[in-house]
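Visitor:
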Amino acid sequence: MMNFEPTLFVVDDDEAMRRSLKWLLETLRLPLQTFDSAEAFLEGYRGEPGVLILDVRMPGMSGLELLERLAESHPSLPAILLTAHGDVPMAVRAMRAGAFDFVQKPYNGQALLERVQAATGEARHRHQRQGERDSAAARLESLTPRECEVLELVAAGEPNKRIARELGISLRTVEVHRHNLMEKLDAHTVGNVIRLYLSATKGIP
Amino acid sequence: MITRASFLRVPLLIGLLTLLFASSVVAAEVRIGVLAYRGVEQAVETWGGTVEYLRRTLPGHEFRLLPLEFIALDAALSAGELDFVLTNPGNYVQLEAAYGISRIATVESRITDDPNYSIGSAVVVRRDNQALQELDDLKDRSLLAVDRGAFGGYQVAEASLRAAGVEPEDLRLRFIGFPMDRVAHAVAAGEADAGILRACLLERMVAEGQLPPGELRVLAPQNHYGFRCAASTPLYPDWPFAKARHTSRELAKRVTQALFALESDEAPAAFTGWTIPVDYQPVHDLFHRLELPPYSRDSQMTPVEMVRRYWPWLLGLLLSALWVVWHTARVEQQVRVRTAQLSAANEQLKQAMQEQAAAERVIRQREAELAHAARVNTVGELAAGMAHEVNQPLAAIGNYAEGCLVRLRQKEAAPELIDALREIDTQAARAGAIVHRLRSFLRKEEPRPVPIDLNDAVIEAVSLFAPEAHRHGVALQTVLAPSLPRVCGESIQLEQVVLNLMRNAVEVLEEAECERREIEVISARVADGVRVTVMDSGPGLSEEARQHLFEPFFTTKPQGMGLGLSISRSIIEAHGGGLAVADAPNGGAALEFTLPVAEDDDEL
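For the record, the sequence lines run as chains A and B. Each residue of the first sequence is one higher than the last, beginning at 1 in the numbering used here. Each residue of the second sequence is one higher than the last, beginning at 1 in the numbering used here.
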């Protein structure tokens, strides 16, 4: 989990572009896969963490359509869209569709590398948070229903007295539940508990 | 001297002769005029054999016998119409003096042993008219003769009558005209007391059964040794065969030789053959005595008298000459007019052709300019796709270059870089090719058709259009005939047409929002040339669209001027081909054009 390598996914119908992007992006020493169409990518992609480098204009499914498709199934895959210079409406649509970044052709190779590196950072970050979210969710799973009720009220910032009154239990019982759930969630402070709860339930970091 | 009837016939005859002459200049004809004193039939019967003989003997010439009376003979000679003349000795002497004809032979007659004594006159009376015994008995009697110009038929008799003391004024003399036979018949019928016949005519008429024997008798017959007919007068030489002045000596010589060679058994009944010309001096003496031309006192006629006497003749000549002059002038005038008309027409034609050529040049120029403007417009509309197309290799070059830089910084092995640098080169060439293609498409040049392979134009157009198709997510496919005969045309304009057809197809697909977006460009050899078809997978064309498709500014698209197809059709028609709508097998629309094969390239 700690030493994962994001994969670079290059999707471009132009062979010269695919090969030259491969040549350039190989210098980042990351796993790299190329696809000649959006359809081919959807077929081969198994949800691996990584960065999508995507040509906007392709026959069949366009880059934007792919992006919109991925927003539902794999929202954590940052995408860099390659667009034609001056195609502002396309850039706007790309960002709205959840693109991490867009690069206008012709571009500076150095700039593209920097964007891709930024995206891989984001990918790592997203992956990490996804991991945290996943473990938080798993930990929440281990709570009893009563502990969950107590956690919701703690996360809402209610003091123990109010929680006890709300749930119709004794203050002591609230304190026991609170201790147990902090143990289960491996959270040492109330702040940690709140963050974990939010990340697991609302996806907020 | 001239009868009334002859008077009227003269001008007509001369005109006729002129026409005859005009119509027969080409044939090498030898014309023999013969005095037809007994009529045309008799003349042909008497002399036809000789002419036939000449025709046979001298095959190089077309001998023709022209039976004529005095006046006509005279006129024909004066018009130079005759090459030879056969006439009586009296007439001969006159014509010799007047036209310089000269005898080349004298006929040998069966009626006499000596051609020097052959022609005389017989004054005939009815046998029962016993009152007439001598020539001077004819005083105050009615006497018929054929013509004042007749030799045996009058002149010889006149001389004898004068010698006998009978002047013409003492006679009731009447000339009744040819043929001479009429004189004999008239006397026999009692219409006159006597008649003058050429000697031997009476005997011949009796022999021919035209007169009953014994009906007429010859007055005061003289005894002539060797002469087989009765005559009232002395005898004169026989008919000469004379050449006209203009007739060549060579021809005259050959005719003479032929005449002399005529065997007696080949000759007709009337004479036995031809001999050397005899002396016609006795005839001259006779004419001298009679004061007849050329010895007449009035032979030196005053012009006034000449005009008075010969006016119909002169008039005929004058008319004839006038006709020739008029005709010549008219022909020349016509030639001039027609020549002028022709050269004017030619000039007009040349000018019209030049104007048309210039107009066509202007039209071609305009069309080329319009086509160019349309190409500029097209490139503008294709700009986005073109930019993308140029961007691809540029971006690829950027990628390779940056990749190389990074590797160099990381001190990586050089061999790897070589491949990348090679790729850079390739991609630069690719970008260059696109720019080049675009430039040639925008090239503006003089329309100059050359034989081209339509496949090349299709490939070029498809390359140019591919980015645009790509941009619209349209799959572009080509199905090209492996080899095509060349067509004559301007490649850029034909490229433009193919490109326009593809643009149209893409617009149709865009409009119809089709799931399947495909365009197929097909080239094929067909019966009437080479065909290029652009087919789309769209819904096909509506009836309205089909009708108006090629009209300028007709468009179903919100963007676009609607000029593409109209210009395409102009281009194809200027190339001698046709652009038409067809049905695609997949239900879509198909636009296709056919161009005739270049003339020198039909080997496929």
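Using N, Cα and C, we set each Cβ at its ideal position, and we do this for glycine too.
For Gly214 (chain B), which of B:Asp128, B:Cys229 and B:Pro294 has the nearest alpha-carbon?
Guide: For the purposes of this step, residue 214 (chain B) is taken as the residue at position 214 of the second sequence. Cα-wise, what sits closest to Gly214 (chain B) is B:Asp128.
Visitor: For Gln427 (chain B), decide whether its Cβ has a neighbour in chain A, counting only Cβ atoms nearer than 8 Å.
Guide: Counting from one through the second sequence, the residue named residue 427 (chain B) turns up at place 427. Yes, Gln427 (chain B) counts as interfacial toward chain A.
Visitor: Should Lys243 (chain B) be labelled buried (16 or more other beta-carbon atoms within 10 Å of its own) or exposed?
Guide: The sequence position of residue 243 (chain B) within the second sequence is 243, counting from 1. Lys243 (chain B) should be labelled buried.
Visitor: In angstroms with no decimal places, state the Cα-to-Cα distance between Pro312 (chain B) and Ala184 (chain B).
Guide: Here residue 312 (chain B) refers to the residue found at position 312 when the second sequence is read from its first residue. Here residue 184 (chain B) refers to the residue found at position 184 when the second sequence is read from its first residue. Cα-Cα distance, rounded: 30 Å.
Visitor: Under 8 Å Cβ-Cβ, which residues of chain B neighbour Pro59 (chain A)?
Guide: The sequence position of residue 59 (chain A) within the first sequence is 59, counting from 1. What Pro59 (chain A) touches in chain B: His470, Gly473, Val474 and Ala475.
Visitor: Cα separation between Gly588 (chain B) and Glu543 (chain B)?
Guide: Position 588 of the second sequence, counting from 1, holds the residue named residue 588 (chain B). Position 543 of the second sequence, counting from 1, holds the residue named residue 543 (chain B). Cα to Cα, Gly588 (chain B) sits roughly 13 Å from Glu543 (chain B).
Visitor: Which of helix, strand or coil does DSSP assign to Phe70 (chain B)?
Guide: Locating residue 70 (chain B) in the second sequence gives position 70, counting from the first residue. In the structure shown, Phe70 (chain B) sits in a helix (DSSP, three-state: H, G or I).
Visitor: Who are the Cβ neighbours of Gln477 (chain B) in its own chain at under 8 Å, not counting the five residues just before and after it?
Guide: Start at 1 with the first residue of the second sequence, and residue 477 (chain B) comes out as number 477. The residues are Glu518, Ile519, Glu520 and Val521.
Visitor: Sort out for me which residues DSSP pairs Gln130 (chain A) with in a bridge.
Guide: Along the first sequence, one-based indexing puts residue 130 (chain A) at 130. Answer by DSSP bridge pairing: none, since Gln130 (chain A) is not bridged.
Visitor: To the nearest angstrom, how far is it from the Cα of Glu149 (chain A) to the Cα of Leu140 (chain A)?
Guide: On the first sequence, position 149 is the one that residue 149 (chain A) refers to. On the first sequence, position 140 is the one that residue 140 (chain A) refers to. Their Cα atoms are separated by approximately 11 Å.
Visitor: If you run the structure through DSSP and keep just helix, strand and coil, what is Val474 (chain B)?
Guide: Along the second sequence, one-based indexing puts residue 474 (chain B) at 474. It is coil, neither helix nor strand.
Visitor: Give the single residue among B:Glu402, B:Glu208 and B:Thr87 whose Cα lies nearest to the Cα of Glu69 (chain B).
Guide: On the second sequence, position 69 is the one that residue 69 (chain B) refers to. The candidate whose alpha carbon is nearest that of Glu69 (chain B) is B:Thr87.
Visitor: Would you kindly work out how many angstroms separate the C-alpha atoms of Glu513 (chain B) and Ala505 (chain B), rounded to a whole number?
Guide: Here the question's residue 513 (chain B) lines up with position 513 in the second sequence. Here the question's residue 505 (chain B) lines up with position 505 in the second sequence. C-alpha separation (whole angstroms): 12 Å.
Visitor: Run through DSSP, which three-state label would Val193 (chain A) get?
Guide: Numbered from its first residue, the first sequence carries residue 193 (chain A) at position 193. In the structure shown, Val193 (chain A) sits in a helix (DSSP, three-state: H, G or I).
Visitor: Apart from the five residues just before and just after Leu501 (chain B), which ones in its own chain have a Cβ nearer than 6 Å to its Cβ?
Guide: Counting from one through the second sequence, the residue named residue 501 (chain B) turns up at place 501. The residues are Val534 and Leu591.
Visitor: Relative to chain B, which residues along the stretch 107-135 of chain A have a C-beta separation below 8 Å, given in chain order?
Guide: Against chain B - using a Cβ distance shorter than 8 Å - the residues of the stretch 107-135 of chain A are Tyr107, Asn108, Gly109, Gln110, Leu112 and Leu113.
Visitor: Which residues in the same chain as Asp12 (chain A) place their Cβ atom closer than 6 Å to its Cβ, once the five residues preceding and following it in sequence are excluded?
Guide: The residue given as residue 12 (chain A) occupies position 12 in the first sequence. Cβ within range, chain order: Arg18 and Asp55.
Visitor: If we call anything under 8 Å between Cβ atoms a contact, is Leu24 (chain A) one with Gly109 (chain A)?
Guide: Along the first sequence, read from residue 1 onward, the residue named residue 24 (chain A) stands at position 24. Along the first sequence, read from residue 1 onward, the residue named residue 109 (chain A) stands at position 109. Yes.
Visitor: Tell me whether Ser299 (chain B) sits in a helix, a strand or coil according to DSSP, three-state version.
Guide: Mapped onto the second sequence, residue 299 (chain B) falls at position 299. Reliability of the predicted coordinates at Ser299 (chain B) is poor, the pLDDT of 49 falling under 50, and the value obtained from them is presented with this limitation in mind. DSSP places Ser299 (chain B) in helix when its eight states are reduced to three.
Visitor: Is the CB of Pro393 (chain B) under 8 Å away from at least one CB in chain A?
Guide: For the purposes of this step, residue 393 (chain B) is taken as residue 393 along the second sequence, with counting starting at 1. Yes, its Cβ sits closer than 8 Å to a Cβ of chain A.
Visitor: Does the beta carbon of Ala396 (chain B) come closer than 8 Å to any beta carbon on chain A?
Guide: Along the second sequence, one-based indexing puts residue 396 (chain B) at 396. Yes, its Cβ sits closer than 8 Å to a Cβ of chain A.
Visitor: Quick check on this structure: which residue in B:Leu161, B:Arg546 and B:Lys139 has the alpha carbon closest to the alpha carbon of Ala192 (chain B)?
Guide: In the second sequence, the residue the question calls residue 192 (chain B) occupies position 192. Residue B:Lys139 is the option with its Cα nearest to Ala192 (chain B).
Visitor: Does any residue of chain B bring its CB to less than 8 Å from the CB of Ala84 (chain A)?
Guide: As a first step, residue 84 (chain A) must be located in the first sequence, where it is residue number 84. With 8 Å as the cut-off, Ala84 (chain A) counts as an interface residue toward chain B.
Visitor: Thinking C-beta only, is Glu460 (chain B) closer than 8 Å to Glu490 (chain B)?
Guide: On the second sequence, position 490 is the one that residue 490 (chain B) refers to. On the second sequence, position 460 is the one that residue 460 (chain B) refers to. The answer is no: Cβ separation not under 8 Å.
Visitor: Please compile the residues from chain A whose C-beta is within a distance smaller than 7 Å of the C-beta of His388 (chain B).
Guide: As a position in the second sequence, residue 388 (chain B) is number 388, starting the count at 1. Those within 7 Å of His388 (chain B) in chain A are Arg57 and Ala84.
Visitor: Measuring only between beta-carbons, confirm whether Gly605 (chain B) sits less than 8 Å from chain A.
Guide: Absent from the model: residue 605 (chain B). The displayed extent of chain B is 1 to 604, so no value can be given.
Visitor: Measure the Cβ-Cβ separation of Ile111 (chain B) and Arg228 (chain B) and say whether it is below 8 Å.
Guide: In the second sequence, the residue the question calls residue 111 (chain B) occupies position 111. In the second sequence, the residue the question calls residue 228 (chain B) occupies position 228. Yes, Cβ-Cβ distance for Ile111 (chain B) and Arg228 (chain B) is below 8 Å.
Visitor: Verify the CB distance criterion: does Gly403 (chain B) have a CB-CB separation below 8 Å to chain A?
Guide: Along the second sequence, one-based indexing puts residue 403 (chain B) at 403. Yes - at least one Cβ of chain A is within 8 Å of the one on Gly403 (chain B).
Visitor: For Cys404 (chain B), which three-state DSSP category applies?
Guide: Within the second sequence, numbered from 1, the residue matching residue 404 (chain B) stands at position 404. Of the three classes helix, strand and coil, the one that applies to Cys404 (chain B) here is helix, per DSSP.
Visitor: Helix, strand or coil, according to DSSP, for Gly577 (chain B) in the structure here?
Guide: Stepping through the second sequence from its first residue, residue 577 (chain B) is reached at position 577. DSSP places Gly577 (chain B) in coil when its eight states are reduced to three.
Visitor: With distances taken between CB atoms, is the gap from Tyr400 (chain B) to Ala429 (chain B) smaller than 8 Å?
Guide: Your numbering for residue 400 (chain B) matches position 400 in the second sequence. Your numbering for residue 429 (chain B) matches position 429 in the second sequence. It is not a contact, given that the beta carbons lie outside the stated cut-off.
Visitor: Check whether the stretch 94-108 of chain A and the stretch 390-407 of chain B touch, using three or more Cβ-Cβ pairs below 8 Å as the test.
Guide: The answer is yes - the stretch 390-407 of chain B touches the stretch 94-108 of chain A, with three or more Cβ pairs under 8 Å.
Visitor: Grouping DSSP H, G and I as helix and E and B as strand, with all else coil, what is Arg174 (chain B)?
Guide: Position 174 of the second sequence, counted from the first residue, corresponds to residue 174 (chain B). Looking at Arg174 (chain B) - three-state DSSP - the assignment turns out to be strand.
Visitor: Threshold first: 3 residues or longer. Then list the beta strand (DSSP E) segments lying entirely within the stretch 6-30 of chain A, N to C.
Guide: As far as the stretch 6-30 of chain A is concerned, its whole beta strand (DSSP E) runs of at least 3 residues are 7-11.
Visitor: Does the stretch 460-475 of chain B come close enough to the stretch 336-353 of chain B to have 3 or more Cβ pairs within less than 8 Å?
Guide: Too few Cβ pairs lie closer than 8 Å, so no.
Visitor: Assign Glu507 (chain B) to one of two classes, buried (16 or more other C-beta atoms within 10 Å of its C-beta) or exposed (fewer than that).
Guide: Within the second sequence, numbered from 1, the residue matching residue 507 (chain B) stands at position 507. With 16 or more Cβ atoms within 10 Å of its Cβ, Glu507 (chain B) is classed as buried.
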